[in-house]
Amino acid sequence: MSDSILRLPALSIFVLSFFYYLLTCRRHQSGRLPPGPAGLPLIGSLFNVLRSKSNPKPQYLKYLEMGQKYDSDIVHMKVLGDHTVILNSARVANELLEKRSAIYSDRPPMPMIVDLSGWHSNLTFFPYSESWRTHRRTFSRYFMSRKVHEYHPIQRKETLRLLKNLLNDPDHTHEHVQRHSGAISVRITHGINLEQDRIHYSELADRAIQSFVFAGNHAWFPGATFKQKAEVWAKDVSDLNELPWKDVKSSIASGAAIPCIATDGLEKFSSELDKMEEVLKNVCGISYIAGRDTTSALVLSIIVALVCYPEVQKKAQAELDMVVGQERLPDFSDRKRLPYIECILKETQRMWPSLPLAVDHYSISDDIYEGYFIPKGTTIVGNTWAILHDQTIYDDPMTFKPERFLEQFGKHCPPDPALYFFGFGRRMCPGRYLASDNSWMMIACILSAFTIEKALDTNGNEIEVTTQHSNGALSYPAPFKCRFAPRSPQVLDLLGAGFMGQEVAE
Numbered sequence: 001m002s003d004s005i006l007r008l009p010a011l012s013i014f015v016l017s018f019f020y021y022l023l024t025c026r027r028h029q030s031g032r033l034p035p036g037p038a039g040l041p042l043i044g045s046l047f048n049v050l051r052s053k054s055n056p057k058p059q060y061l062k063y064l065e066m067g068q069k070y071d072s073d074i075v076h077m078k079v080l081g082d083h084t085v086i087l088n089s090a091r092v093a094n095e096l097l098e099k100r101s102a103i104y105s106d107r108p109p110m111p112m113i114v115d116l117s118g119w120h121s122n123l124t125f126f127p128y129s130e131s132w133r134t135h136r137r138t139f140s141r142y143f144m145s146r147k148v149h150e151y152h153p154i155q156r157k158e159t160l161r162l163l164k165n166l167l168n169d170p171d172h173t174h175e176h177v178q179r180h181s182g183a184i185s186v187r188i189t190h191g192i193n194l195e196q197d198r199i200h201y202s203e204l205a206d207r208a209i210q211s212f213v214f215a216g217n218h219a220w221f222p223g224a225t226f227k228q229k230a231e232v233w234a235k236d237v238s239d240l241n242e243l244p245w246k247d248v249k250s251s252i253a254s255g256a257a258i259p260c261i262a263t264d265g266l267e268k269f270s271s272e273l274d275k276m277e278e279v280l281k282n283v284c285g286i287s288y289i290a291g292r293d294t295t296s297a298l299v300l301s302i303i304v305a306l307v308c309y310p311e312v313q314k315k316a317q318a319e320l321d322m323v324v325g326q327e328r329l330p331d332f333s334d335r336k337r338l339p340y341i342e343c344i345l346k347e348t349q350r351m352w353p354s355l356p357l358a359v360d361h362y363s364i365s366d367d368i369y370e371g372y373f374i375p376k377g378t379t380i381v382g383n384t385w386a387i388l389h390d391q392t393i394y395d396d397p398m399t400f401k402p403e404r405f406l407e408q409f410g411k412h413c414p415p416d417p418a419l420y421f422f423g424f425g426r427r428m429c430p431g432r433y434l435a436s437d438n439s440w441m442m443i444a445c446i447l448s449a450f451t452i453e454k455a456l457d458t459n460g461n462e463i464e465v466t467t468q469h470s471n472g473a474l475s476y477p478a479p480f481k482c483r484f485a486p487r488s489p490q491v492l493d494l495l496g497a498g499f500m501g502q503e504v505a506e
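1 is the number of the first residue of the sequence shown in UniProt numbering; add one for each residue after it.
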């Protein structure tokens with residue numbers, strides 16, 4: 001009798017395990033996994049995602065070639081036991097990340113970025129949760145399309161400063177463009193003049209963004225070296241969120257605060273600061289780091305393109321001269337009448353997306369798509385670069401052709417790259433309207449004021465410029481040199497007089 005009783009738990013475990021096995025088998029039989037590499041025991045397709053000196057190919061190209069090999073725009077691989085699905089076309093990205101966004105809007109665990117490097121307070125990496133919804137709603141309150149026009153005076157002022165810096169110190173174009181993007185963001189969010197605190201905040205942001213770029217670069221495998229670096233990065237990331245917030249609160253206490261999102265939010269949510277202050281701080285924090293680096297990467301790519309394609313530059317300047325003239329700088333009110341400038345912006349987004357691979361999505365339940373089984377807990381990678389270089393959508397995709405986006409009689413324009421450049425579905429970048437305004441204003445004014453030319457070496461020879469870009473999570477043009485030649489004697493006067501002939505205070 002006692003032996004029979006003792007056998008019952010074991011029998012129960014066996015029966016339960018058997019039924020779980022049947023359930024699992026049935027679930028997998030309901031659909032096969034998307035095609036992809038079989039992988040090795042235990043590590044799976046790890047070597048398909050790692051980059052090395054012997055295999056330096058960018059990740060987005062590896063994923064695209066993987067899809068071509070298996071003749072599928074949706075590819076599956078397993079890495080260290082975890083499922084990953086690559087989306088190489090706009091069609092599958094729209095079907096899953098847009099139409100089925102209720103399933104695919106979560107983020108996967110990102111221990112290297114979130115836990116070790118300290119990005120847990122960044123909305124980009126939040127799991128799909130009530131906290132994410134609160135942060136997103138608060139962010140959108142200040143950066144929705146009908147709100148961003150309120151920031152135009154700040155953008156005008158900072159653009160004038162940028163033009164002067166480019167004219168006087170072209171050797172540091174990268175730093176000037178990056179500072180400009182960050183200056184607009186931190187002035188809008190915290191009321192801080194970055195010119196006065198340039199070294200402190202800019203260098204802090206430089207160090208903080210290193211962790212994201214490094215952690216997103218699969219040329220390494222986690223180890224002691226990364227953990228040592230991450231400890232330093234985590235403090236920088238935390239300081240970038242905390243220090244500007246402390247500064248603005250100190251300014252409020254002393255009565256010297258400049259109106260900004262932080263001051264507005266602290267006033268509007270004064271009755272519920274116990275739960276909203278952290279939200280406001282995080283919203284302001286992400287605005288600086290996201291606005292600074294993704295926008296500056298795009299604008300620097302445009303500058304490189306204008307140097308490498310002088311005929312594009314001439315065509316844009318002819319449009320500016322016809323619409324705006326040379327007596328003033330272009331303003332936001334001119335934007336709709338400058339379609340070719342808009343085309344340059346779109347074509348650069350298409351050719352060199354700042355994030356070639358979108359930030360990973362994550363499935364919260366099992367799903368079946370076109371007969372393919374996508375398990376719960378699958379990391380979903382949107383291959384932005386592959387989508388924006390799809391020759392079935394963009395003719396001759398490897399050629400820089402802004403005119404492809406010109407609306408001409410009887411011509412079908414391809415989709416706006418912004419549909420993919422800023423992410424997918426419910427996770428699409430909520431700061432895209434401000435980013436678009438920043439990028440447009442910079443490029444329109446640079447083209448109006450200057451002819452961008454190759455720099456000269458000490459012997460007077462032109463220094464060549466390439467359109468090559470870095471292969472990290474955030475893609476920047478390779479280091480380059482150029483010069484900004486004033487287009488007319490009036491340019492210096494314009495830089496002093498500002499927009500529409502009105503003085504802009506320093």
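We put the beta carbon where it would ideally sit given N, CA and C, even for glycine.
Note that the coordinates shown come from a computational prediction; the quantities given were computed from them, not determined experimentally.
- Query: Can the beta-carbon of alanine 297 be found closer than 8 Å to that of glycine 191?
  - Reply: Position 297 of the sequence shown, counting from 1, holds the residue named residue 297. Position 191 of the sequence shown, counting from 1, holds the residue named residue 191. Their beta carbons are not under 8 Å apart, which means alanine 297 does not touch glycine 191 by this criterion.
- Out of curiosity, what's the CA-to-CA distance linking phenylalanine 422 and asparagine 459? The residue given as residue 422 occupies position 422 in the sequence shown. The residue given as residue 459 occupies position 459 in the sequence shown. Per the coordinates, the alpha-carbon of phenylalanine 422 lies some 43 Å from the alpha-carbon of asparagine 459.
- By how many angstroms is the C-alpha of aspartate 321 removed from the C-alpha of glutamate 65? Here residue 65 refers to the residue found at position 65 of the sequence shown. Here residue 321 refers to the residue found at position 321 of the sequence shown. Taking the straight line joining both Cα atoms gives about 44 Å.
- For the segment 389–409 and the segment 302–313, state whether three or more C-beta atom pairs, one from each stretch, are separated by less than 8 Å. Yes, they touch.
- Message: Helix, strand or coil, according to DSSP, for cysteine 25 in the structure here?
- Response: Taking the first residue of the sequence shown as position 1, residue 25 is located at position 25. Note on cysteine 25: pLDDT 43, under 50, position unreliable in the model; the coordinate value appears next. Secondary structure at cysteine 25: helix, using DSSP grouped into helix, strand and coil.
- Euclidean distance between Cα positions of threonine 294 and leucine 33: Within the sequence shown, numbered from 1, the residue matching residue 294 stands at position 294. Within the sequence shown, numbered from 1, the residue matching residue 33 stands at position 33. Taking the CA atoms as reference points, threonine 294 sits about 34 Å from leucine 33.
- Message: Along the chain, where does the alpha helix (DSSP H) containing threonine 378 start, and where does it finish?
- Response: Reading the sequence shown from its first residue, position 378 is the one you call residue 378. Where threonine 378 is concerned, there is no enclosing alpha helix (DSSP H), given that its DSSP letter is neither H nor E.
- Message: Just verifying my parser: in three-state terms, what is the DSSP assignment at lysine 99?
- Response: As a first step, residue 99 is located in the sequence shown; it is residue number 99 there, counting from the start. Coil.
- Task: Give the secondary structure of leucine 495 by DSSP, where H, G and I count as helix, E and B as strand, and everything else as coil.
- Result: Within the sequence shown, the letter at position 495 stands for residue 495. In this structure, leucine 495 counts as helix in the three-state DSSP scheme.
- Query: Got a sec, what are the start and stop residues for the beta strand (DSSP E) valine 85 sits in?
  - Reply: As a first step, residue 85 is located in the sequence shown; it is residue number 85 there, counting from the start. According to the DSSP assignment, valine 85 belongs to the beta strand (DSSP E) that extends over 82–87.
- Exposure of cysteine 429, with buried meaning 16 or more beta-carbon neighbours within 10 Å: Looking up residue 429 in the sequence shown gives position 429. When all chains shown are included, cysteine 429 counts as buried.
- Have a look at leucine 357 and leucine 266 and give me their C-alpha separation to the nearest angstrom. Here residue 357 corresponds to residue number 357 of the sequence shown, with the count starting at 1. Here residue 266 corresponds to residue number 266 of the sequence shown, with the count starting at 1. The straight-line gap from Cα to Cα measures roughly 36 Å.
- I think asparagine 88 touches asparagine 383, with their Cβ atoms under 8 Å apart; what is that distance to the nearest whole Å? As a working mapping, residue 88 is identified with position 88 in the sequence shown. As a working mapping, residue 383 is identified with position 383 in the sequence shown. With a contact defined as Cβ atoms closer than 8 Å, asparagine 88 and asparagine 383 qualify at about 5 Å.
- Query: For the putative contact between alanine 253 and leucine 280, defined by C-beta atoms under 8 Å, what is the C-beta separation to the nearest angstrom?
  - Reply: Here the question's residue 253 lines up with position 253 in the sequence shown. Here the question's residue 280 lines up with position 280 in the sequence shown. Actually they are not in contact, since the Cβ atoms of alanine 253 and leucine 280 sit about 16 Å apart, beyond 8 Å.
- Just the Cα atoms here: how many angstroms apart are serine 287 and proline 41? As a first step, residue 287 is located in the sequence shown; it is residue number 287 there, counting from the start. As a first step, residue 41 is located in the sequence shown; it is residue number 41 there, counting from the start. Serine 287 and proline 41 have their C-alpha atoms roughly 43 Å apart.
- Message: Rounded to the nearest angstrom, what separates phenylalanine 139 and glutamate 453 at their Cα positions?
- Response: As a first step, residue 139 must be located in the sequence shown, where it is residue number 139. As a first step, residue 453 must be located in the sequence shown, where it is residue number 453. One C-alpha to the other measures close to 39 Å.
- Message: For serine 45 and proline 479, what's the separation of their Cα atoms in angstroms?
- Response: Position 45 of the sequence shown, counted from the start, is the residue given in the question as residue 45. Position 479 of the sequence shown, counted from the start, is the residue given in the question as residue 479. Rounded to whole angstroms, serine 45 to proline 479 spans 33 Å at the Cα level.
- Comparing alpha-carbon positions, which option in Ile103, Val465, Asp395, Leu166 lies nearest proline 486? Along the sequence shown, one-based indexing puts residue 486 at 486. The shortest C-alpha separation from proline 486 is found at Leu166.
- Inspect the beta-carbon positions of leucine 194 and arginine 207 and report whether they are closer than 8 Å. Sequence index remark: in the sequence shown, residue 194 carries index 194 (1-based). Sequence index remark: in the sequence shown, residue 207 carries index 207 (1-based). The Cβ atoms of leucine 194 and arginine 207 lie no closer than 8 Å to each other.
- Query: How should asparagine 438 be labelled, buried or exposed, when 16 other C-beta atoms within 10 angstroms of its C-beta is the threshold for buried?
  - Reply: Residue numbering aside, residue 438 sits at position 438 when the sequence shown is read from its first letter. Sixteen is the threshold: when 16 or more other Cβ atoms of the shown chains lie within 10 Å of the Cβ of asparagine 438, as they do, the residue is buried.
- Message: Quick check on this structure: which residue in Glu242, Ser211, Arg426, Gln317 has the alpha carbon closest to the alpha carbon of proline 111?
- Response: Here residue 111 corresponds to residue number 111 of the sequence shown, with the count starting at 1. When Glu242, Ser211, Arg426, Gln317 are compared, the shortest CA-CA separation from proline 111 is found for Ser211.
- Task: Using three-state DSSP, classify tryptophan 220 as helix, strand or coil.
- Result: In the sequence shown, the residue the question calls residue 220 occupies position 220. In this predicted model, tryptophan 220 has a pLDDT of only 46, less than 50, meaning its place in the structure is not dependable; the value taken from the coordinates is given anyway. DSSP places tryptophan 220 outside both helix and strand once states are collapsed to three, so it counts as coil.
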